[in-house]
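Written below as structure tokens is the structure these notes are about.
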Amino acid sequence: MVDTNDGSFFSDKAAKIFVAGHRGLVGSAIVRKLQSLGFSNLVLRTHSELDLAVQSDVDTFFASEKPKFVILAAAKVGGIHANNTYPADFISINLQIQTNVINSSFIHGVQKLLFLGSSCIYPKFAPQPIPESALLTGPLEPTNEWYAIAKIAGIKMCQAYRIQHNWDAISGMPTNLYGPNDNFHPENSHVLPALMRRFHEAKVMGDKEVVVWGSGSPLREFLHVDDLADAVIFLMDKYSGLSHLNVGSGKEVTIKELAELVKDVVKFKGELVWDKTKPDGTPRKLMDSSKLMELGWEPKISLRDGLVDTYKWYLENYVVKQ
Numbered sequence: 003m004v005d006t007n008d009g010s011f012f013s014d015k016a017a018k019i020f021v022a023g024h025r026g027l028v029g030s031a032i033v034r035k036l037q038s039l040g041f042s043n044l045v046l047r048t049h050s051e052l053d054l055a056v057q058s059d060v061d062t063f064f065a066s067e068k069p070k071f072v073i074l075a076a077a078k079v080g081g082i083h084a085n086n087t088y089p090a091d092f093i094s095i096n097l098q099i100q101t102n103v104i105n106s107s108f109i110h111g112v113q114k115l116l117f118l119g120s121s122c123i124y125p126k127f128a129p130q131p132i133p134e135s136a137l138l139t140g141p142l143e144p145t146n147e148w149y150a151i152a153k154i155a156g157i158k159m160c161q162a163y164r165i166q167h168n169w170d171a172i173s174g175m176p177t178n179l180y181g182p183n184d185n186f187h188p189e190n191s192h193v194l195p196a197l198m199r200r201f202h203e204a205k206v207m208g209d210k211e212v213v214v215w216g217s218g219s220p221l222r223e224f225l226h227v228d229d230l231a232d233a234v235i236f237l238m239d240k241y242s243g244l245s246h247l248n249v250g251s252g253k254e255v256t257i258k259e260l261a262e263l264v265k266d267v268v269k270f271k272g273e274l275v276w277d278k279t280k281p282d283g284t285p286r287k288l289m290d291s292s293k294l295m296e297l298g299w300e301p302k303i304s305l306r307d308g309l310v311d312t313y314k315w316y317l318e319n320y321v322v323k324q
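The numbering of the sequence shown is our numbering, which starts it at 3 and goes up by one.
So this is what it looks like as structure tokens:
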């Protein structure tokens with residue numbers, strides 16, 4: 003279902019928009035996009051200013067600010083180690099954030115809310131590419147099921163409020179994201195920023211080689227976070243439906259191709275060595291984003307251009323501050 007009220011989101015650029023999680027990878031990109039489009043009344047709160055896990059504080063905030071639109075990009079996130087070590091935190095904090103923001107948005111008259119999830123909501127052995135209909139059709143990946151279950155609950159909560167109250171709450175599920183404000187921590191980062199940091203440090207140290215785990219054969223999909231921000235605005239303006247929508251690039255790259263591309267962008271001149279004694283992980287993970295693309299949205303940033311942009315940000319904001 004497409005929103006028949008064309009241009010409703012763009013009709014009032016002074017409308018209050020609360021972007022929850024505005025300092026993260028996703029939230030900061032959404033803020034940049036909104037500002038570039040001329041939206042002038044963004045409501046932003048840091049964690050120290052507003053703890054979204056505290057119900058009374060969230061309710062007081064919504065009663066006072068009364069935003070017209072809400073984009074929910076706030077979440078407790080982490081890698082496999084963090085998910086395995088703090089499962090109670092991942093399920094409870096994310097459930098609290100979502101429940102508080104969605105319920106208070108409804109109670110205090112928010113016109114439209116967009117909830118952002120993750121591709122980890124899908125079963126471990128979902129069909130490839132993964133359609134929206136794969137949700138809840140099989141067991142989850144055990145290493146992040148606590149986070150995934152919270153995100154599934156967020157989707158279902160938006161659907162429940164739409165069914166019971168005819169309230170315009172929608173959900174988008176992004177694929178693997180990268181870009182400015184990504185996490186380049188040596189232990190906790192995802193594959194793309196981890197590769198970028200390793201190649202950069204090897205270049206600085208004058209190393210002759212960089213060893214990467216696995217065979218390089220698994221296929222992965224990546225979307226620049228500015229493309230996601232563009233999709234978020236598109237969904238706020240054009241989409242009003244019960245189903246969550248996948249947001250991906252629709253393009254796959256092998257880990258080997260990705261590593262070679264990052265090596266080239268960073269200008270590391272040494273050798274790339276594959277340690278095939280280490281695990282490869284899931285052989286393929288691609289989202290089916292055809293529903294969103296049929297509505298008229300498409301990604302604009304190529305992987306190479308996105309990597310150049312991300313490396314520039316890394317040099318200016320991460321390396322300089324170390």
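Beta carbons are placed, not taken as given, at the ideal position from N, Cα and C, and that holds for glycine.
Enclosing beta strand (DSSP E) for residue i [first to last residue]
i, result
"S173", "170-176"
"K114", "114-118"
"H202", "Taken as a continuous stretch (DSSP letters only), H202 belongs to no beta strand (DSSP E), being part of the alpha helix (DSSP H) at 193-207."
"F64", "From DSSP, F64 is part of no beta strand (DSSP E) but of the alpha helix (DSSP H) over 57-67."
"L274", "273-277"
"I73", "71-74"
"L221", "221-226"
"W215", "211-215"
"L247", "247-249"
"A77", "Counting along the chain, A77 falls outside any beta strand (DSSP E), and DSSP gives it neither H nor E."
Other residues of its chain near residue i: CB distance less than 6 Å, five sequence neighbours each side excluded
i, result
"S10", "none"
"P176", "L230, V249"
"F64", "S106, H110"
"E143", "K126"
"D311", "none"
"R199", "F186"
"L197", "A261, V264"
"S120", "K153"
"Q161", "L244"
Contact set for residue i: own chain, Cβ-Cβ below 7 Å, skip 5 residues either direction
i, result
"F201", "V212, V264, K265, V268, F270"
"N7", "Caution applies to N7, whose pLDDT of 44 falls short of 50 and renders its modelled position unreliable; the value that the coordinates give is listed next. None."
"V234", "I32, I73, L116, G174"
"W148", "N85, P89, F92, I93"
"Q98", "A55"
"G40", "K15"
"D5", "For D5, the predicted model reports a pLDDT of 43, less than 50, meaning its position is unreliable and no value from the coordinates is stated."
"P195", "Y180, D184, N185, F186"
"E259", "none"
"D282", "G216, S217, S219, P220"
"K205", "V268, K269, F270"
"A313", "In the sequence under discussion, the amino acid at residue 313 is Tyr, which differs from the Ala named in the question. Hits under 7 Å: M198, V267, V268."
"P2", "Any question about residue 2 goes unanswered here, given that the chain covers just 3 to 324."
"P141", "P125, K126"
Proximity below 8 Å, CB of residue i to CB of residue j
i, j, result
"I172", "Y241", "yes"
"A77", "N96", "yes"
"V33", "V21", "yes"
"E223", "E254", "yes"
"N43", "I19", "yes"
"L274", "L225", "no"
"G208", "K280", "no"
"V28", "L118", "yes"
"A150", "C122", "yes"
"S219", "T256", "yes"
"L247", "K210", "no"
"F71", "Q113", "yes"
"V193", "D277", "no"
"G26", "N190", "no"
Classification of residue i by the beta-carbon crowding that lies within 10 angstroms, buried from 16 upward
i, result
"V287", "Just to set this straight, residue 287 is Lys in the shown sequence, not Val. It counts as buried."
"R47", "buried"
"S30", "buried"
"T1", "As shown, the chain starts at 3 and ends at 324. That puts residue 1 outside it, with no answer to give."
"H167", "exposed"
"D307", "exposed"
"A16", "exposed"
"D290", "buried"
"P69", "buried"
"L138", "exposed"
"S251", "buried"
"I104", "buried"
"K35", "buried"
Limits of the alpha helix (DSSP H) - the one that residue i falls within
i, result
"W148", "147-167"
"H83", "82-87"
"V264", "257-268"
"I32", "27-38"
"V310", "305-316"
"M289", "Element bounds for M289: n/a, residue is neither H nor E."
Close Cβ partners of residue i (< 8 Å) along its chain, the five nearest in sequence each way excluded
i, result
"E318", "none"
"K302", "D229, D232"
"M3", "A caution first: M3 carries a pLDDT of 44, below 50, which makes its placement in the model unreliable, though a value can still be read off. So the list reads Y241, S242, G243, L244, once near-sequence residues are dropped."
"Q130", "R286, K287, L288"
"E262", "L274"
"L52", "D59, V60, F63"
Residue-level contact to chain B via CB, residue i, 8 Å cutoff
i, result
"Q98", "Protein chains in the displayed structure number just one, and chain B is not present."
Subject >> Three CB pairs or more closer than 8 Å across the region 179-190 and the region 150-157 >> reply: no
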